[in-house]
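A.B. asks: Just passing along the structure, written as structure tokens.
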Amino acid sequence: MLNDKPKPVLEHIEELRKRLIYSLLFVLIFSVVCWIYSDQIIAWLTGPVPFLDVPPIQLHFTDVTEAFGAKFMISVIGGIIIAFPFLIYHVCMYILPGMKKNERKAFFAYLPSMILLFIAGAAFAIWPIVPIARKFFVDYGGQNMVPIITVSSYIDFVTLLTLGMGIVFLLPVVVMFITSIGFVSPYTLAKGRKGVWLGILIAAAAIAPNDGLSMLIIALPVVILFEISLFLSKIKWRRRQKIESESVKTPYQ
-12 MLNDKPKPVL EHIEELRKRL IYSLLFVLIF SVVCWIYSDQ IIAWLTGPVP FLDVPPIQLH
48 FTDVTEAFGA KFMISVIGGI IIAFPFLIYH VCMYILPGMK KNERKAFFAY LPSMILLFIA
108 GAAFAIWPIV PIARKFFVDY GGQNMVPIIT VSSYIDFVTL LTLGMGIVFL LPVVVMFITS
168 IGFVSPYTLA KGRKGVWLGI LIAAAAIAPN DGLSMLIIAL PVVILFEISL FLSKIKWRRR
228 QKIESESVKT PYQ
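In the numbering used here, the protein residues as written are -12 to 240.
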């Protein structure tokens, strides 16, 4: 059971140190696993995707230590992504004592969904977003430019898309959380629906401008996530408003 009494500064520092050690330990363990399979991971990330007509790519390195550094980065980033549920848990356990009761309740309710959605977003980025984006940017050079893709730049590219898509997939949880604590009304968010849709379509068109199927594959899940988050948050909002209205009623007996 969480204690609402304020902790001394030294206790906060000690708690933070403990959580950081646990988090780093999980990242280290999973990073070692990713290091062992780093060659297979690189082969998977650079391989062909026949369904989307995406050919394989050949990576290069221009520095003596670049190949080693790239494998190291793959291991660390992979370790962080796999350890994400454990990292979230320790972050939550550190910040929860400073939350209000209703915020804690909402946070615990949405924590499993948050973890699952981030993993789903990261997986969706690796396939099919990364292959689609890779094909577009390589083909954009045309016949006059020959791509020489370094392993470091490609790892940065994959990392950016993977983490970015993982965060985007957290949209339903974020919307429901801020509406459940009364920070903003879902109806206010719904007013900006057209702008959100337009932004999603523009982003998808920028990644896959010449392929309607690829554009649809990218945009549709994000639009669906946004609409689901609005729908669920409206239900939650009405329920919250009903409870509040009933609590202020004065019985005449």
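All C-beta atoms in this analysis are idealised placements derived from N, C-alpha and C, irrespective of residue type, glycine included.
The structure displayed is predicted, hence computed values, not measured ones.
Report back the beta-carbon spacing between L257 and A112 to the nearest angstrom; my notes put them in contact at under 8 angstroms.
C.D. replies: The requested residue 257 does not occur in the structure, where the chain is confined to residues -12 to 240.
A.B. asks: Specify, as a first and last residue, the run of the alpha helix (DSSP H) that P159 falls within.
C.D. replies: From DSSP, the alpha helix (DSSP H) with P159 extends over 158 to 167.
A.B. asks: Please report the Cβ distance between D171 and I187, rounded to the nearest whole angstrom; I am assuming they are in contact, meaning their Cβ atoms lie under 8 angstroms.
C.D. replies: One point to set straight first is that residue 171 is Val, not Asp, in the sequence displayed. About 20 angstroms; that fails the 8 angstroms criterion.
A.B. asks: Measure from the C-beta of E(-2) to each C-beta in chain C and report whether the shortest distance is under 8 angstroms.
C.D. replies: Of the protein chains in the structure, only one exists, and it is not chain C.
A.B. asks: Rounded to the nearest angstrom, what separates Q240 and I230 at their Cα positions?
C.D. replies: Note on Q240: pLDDT 48, under 50, position unreliable in the model; no value is reported.
A.B. asks: Within its chain, find whatever has a CB closer than 6 angstroms to the CB of V19; leave out the 5 residues flanking it on each side and keep chain order.
C.D. replies: Contacts found: none.
A.B. asks: Just grab the DSSP bridge partners of V41 for me.
C.D. replies: BP columns for V41 point to V36.
A.B. asks: Once the 5 residues before and after M(-12) are set aside, which same chain residues still bring their CB inside 7 angstroms of it?
C.D. replies: Low confidence applies here, because M(-12) scores a pLDDT of 46, under 50, leaving its location unreliable; read the following figure in that light. Closer than 7 angstroms at Cβ, skipping near neighbours: no residue.
A.B. asks: Closest to G151 by CA distance: which of V183, F105, G129 is it?
C.D. replies: That would be F105, whose Cα lies nearest to the Cα of G151.
A.B. asks: Can you find at least 3 beta carbon pairs, one from the stretch 90 to 98 and one from the stretch 154 to 174, that sit closer than 8 angstroms?
C.D. replies: Flag = yes, the stretch 90 to 98 and the stretch 154 to 174 touch.
A.B. asks: Could you tell me the distance, in whole angstroms, from the CA atom of T49 to the CA atom of T137?
C.D. replies: Their Cα atoms are separated by approximately 7 angstroms.
A.B. asks: So, helix, strand or coil for T137, using DSSP?
C.D. replies: The answer is strand: DSSP assigns T137 an E or B state.
A.B. asks: Is there contact between the stretch 74 to 87 and the stretch 52 to 61, where contact requires at least three CB pairs shorter than 8 angstroms?
C.D. replies: Result no; under three Cβ-Cβ pairs closer than 8 angstroms.
A.B. asks: A78: which of V183, R6, E233 sits nearest, CA to CA?
C.D. replies: A small correction: the amino acid at residue 78 is Val; Ala does not occupy that position in the sequence shown. Taking only the C-alpha atoms, the option nearest V78 is R6.
A.B. asks: Give me whichever residues DSSP pairs with H47 in a beta bridge.
C.D. replies: In DSSP, H47 forms a bridge with T137.
A.B. asks: Which same chain residues end up closer than 7 angstroms to V183 when comparing Cβ atoms and leaving out the 5 residues on each side of it in sequence?
C.D. replies: These residues qualify, in order along the chain: F213.
A.B. asks: Return helix, strand or coil for F170, following the three-state DSSP convention.
C.D. replies: Coil, per DSSP.
A.B. asks: Leaving out five residues before and five after V63 in sequence, what residues of the same chain have Cβ atoms less than 6 angstroms from its Cβ?
C.D. replies: Closer than 6 angstroms at the Cβ level, and outside the excluded window around V63, lie S18.
A.B. asks: Sorted by chain position, which residues of the same chain lie with C-beta nearer than 6 angstroms to D26's C-beta, five sequence neighbours on each side aside?
C.D. replies: Excluding positions up to five away in sequence, the list is empty.
A.B. asks: Could you pull out every residue in the same chain whose Cβ sits closer than 8 angstroms to the Cβ of N131, ignoring the five residues on either side in sequence?
C.D. replies: Hits under 8 angstroms: none found.
A.B. asks: Just checking, does the stretch 163 to 170 make contact with the stretch 111 to 125 on the three C-beta pairs under 8 angstroms criterion?
C.D. replies: Because the criterion of three Cβ pairs below 8 angstroms is not met, the stretch 163 to 170 and the stretch 111 to 125 do not touch.
A.B. asks: Do F13 and A70 have their C-beta atoms within less than 8 angstroms of each other?
C.D. replies: For F13 and A70, yes; Cβs fall inside 8 angstroms.
A.B. asks: Can you give me the C-alpha to C-alpha distance between P134 and I44, rounded to a whole angstrom?
C.D. replies: Rounded to whole angstroms, P134 to I44 spans 10 angstroms at the Cα level.
A.B. asks: Hey, F73 and S10 are a contact pair by Cβ (cut 8 angstroms); roughly how many whole angstroms apart?
C.D. replies: Between S10 and F73 the Cβ distance is about 7 angstroms, and since that is below 8 angstroms, they are a contact.
A.B. asks: Would you identify the three-state DSSP class for Y127, choosing helix, strand or coil?
C.D. replies: Coil at Y127, not helix or strand.
A.B. asks: Please go through the same chain and pick out, in chain order, the residues whose beta-carbon is closer than 6 angstroms to the beta-carbon of I0, but skip the five residues on each side of it.
C.D. replies: Once the five neighbours on either side are set aside, I0 has no close Cβ partner at all.
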